[in-house]
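**Q** Taking my numbering, I'd label the letters of the sequence shown as residues 44 to 177. Note that the Cβ used here is the ideal one computed from N, Cα and C, for glycine as well.
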Amino acid sequence: MISPHTIHVHNYHLDGYGHVNNARYLEFLEEARWHYFRELGWHDVLRQIQLVVAHIDIAYRHAAVHDDILLIETNVLSVQSRQLVLRQTVRLSGSLKVAALAQVTLMPTQNGKVFRLPENVLADFKDLMIQENM
44 MISPHTIHVH NYHLDGYGHV NNARYLEFLE EARWHYFREL GWHDVLRQIQ
94 LVVAHIDIAY RHAAVHDDIL LIETNVLSVQ SRQLVLRQTV RLSGSLKVAA
144 LAQVTLMPTQ NGKVFRLPEN VLADFKDLMI QENM
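#1: On the DSSP letters alone, give me the boundaries of the beta strand (DSSP E) that His-98 sits inside.
#2: Can you confirm whether the stretch 118-128 touches the stretch 166-173 when touching is taken to mean that 3 or more C-beta pairs between the two stretches lie within less than 8 Å?
#3: CA-CA distance, Ile-50 and Gly-137?
#4: Going by DSSP in three states, Ala-75 sits in which element: helix, strand or coil?
#5: Just to confirm, is the Cβ distance from Leu-149 to Ala-97 under 8 Å?
#6: Quick check on Pro-143: buried or exposed, where buried means 16 or more other Cβ atoms within 10 Å of its Cβ?
#7: Is the beta carbon of His-78 sitting closer than 8 Å to the one on His-48?
#8: For my contact list, Leu-72 and Ile-115 are in at a C-beta cut-off of 8 Å; report their separation, rounded to the angstrom.
#9: Strictly by DSSP, which residues pair up with Val-133?
#10: Let's test the definition: count the other Cβ atoms within 10 Å of the Cβ of Asp-182 and tell me whether it reaches 16, buried, or not, exposed.
#11: Just to confirm, is the Cβ distance from Leu-129 to Arg-76 under 8 Å?
#12: Starting from the C-beta of His-62, find all residues in its chain whose C-beta is less than 7 Å away, skip the five residues before and the five after it, and write them out in chain order.
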């Protein structure tokens with residue numbers, strides 16, 4: 044089990060209404076994905092594969108404000124030869140409140156073209172998906 048990635052909300056993350064700007068969640072989620080990959084030991088391999096976000100769907104549930112601590116959990120939802128779908132949950136530390144839920148589709152690219160994930164990476168992600176859903 045990978046530990047959640049921690050984000051401390053600072054003033055510059057906020058919009059004019061005093062809560063985290065929606066666009067900042069994209070950065071938080073990206074940072075958490077790479078934390079997840081690094082914890083799995085896949086950081087260098089996946090940097091070479093050049094995973095790009097092909098689709099992201101974010102449901103905002105609860106406003107995060109200055110000095111909140113956000114915990115971002117990342118899990119594999121599905122794996123196919125040319126795409127990886129992750130679920131990311133952003134929680135407010137110290138509570139059960141969910142600030143945002145995201146489903147992110149990543150595609151491996153090289154020279155601007157989508158290609159198949161290497162078989163060993165595909166197998167590892169499938170194994171991880173099974174472990175996370177037990």
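**A** Here's the rundown:
#1: Against the sequence shown, residue 98 aligns to sequence position 55. Per DSSP, His-98 belongs to the beta strand (DSSP E) from 94-103.
#2: The stretch 166-173 vs the stretch 118-128: in contact.
#3: Within the sequence shown, residue 50 is the residue found at index 7, counting from 1. Within the sequence shown, residue 137 is the residue found at index 94, counting from 1. Taking the straight line from one Cα to the other gives about 13 Å.
#4: By one-based count along the sequence shown, residue 75 stands at place 32. Here Ala-75 sits in helix by DSSP.
#5: Start at 1 with the first residue of the sequence shown, and residue 149 comes out as number 106. Start at 1 with the first residue of the sequence shown, and residue 97 comes out as number 54. Between Leu-149 and Ala-97, the C-beta spacing is below 8 Å.
#6: Walking along the sequence shown from the start, residue 143 turns up at place 100. Looking at the sequence shown, residue 143 is not Pro but Ala. Buried, by the Cβ-count rule.
#7: What you label residue 78 is simply residue 35 of the sequence shown in a count that begins at 1. What you label residue 48 is simply residue 5 of the sequence shown in a count that begins at 1. Going by C-beta atoms, His-78 is nearer than 8 Å to His-48.
#8: As a first step, residue 72 is located in the sequence shown; it is residue number 29 there, counting from the start. As a first step, residue 115 is located in the sequence shown; it is residue number 72 there, counting from the start. About 7 Å separates the Cβ atoms of Leu-72 and Ile-115, confirming a contact at the 8 Å cut-off.
#9: Stepping through the sequence shown from its first residue, residue 133 is reached at position 90. Its beta-bridge partners are Ile-115 and Ala-143.
#10: The structure shown does not extend to residue 182, since the chain is modelled only from 44 to 177, so the question has no answer here.
#11: Taking the sequence shown and counting its residues from 1, one reaches residue 129 at position 86. Taking the sequence shown and counting its residues from 1, one reaches residue 76 at position 33. Cβ atoms of Leu-129 and Arg-76: closer than 8 Å.
#12: Looking up residue 62 in the sequence shown gives position 19. Excluding five sequence positions before and after His-62, the CB atoms of its chain that fall closer than 7 Å to its own CB belong to Ala-106, Ala-107 and Val-108, given in chain order.
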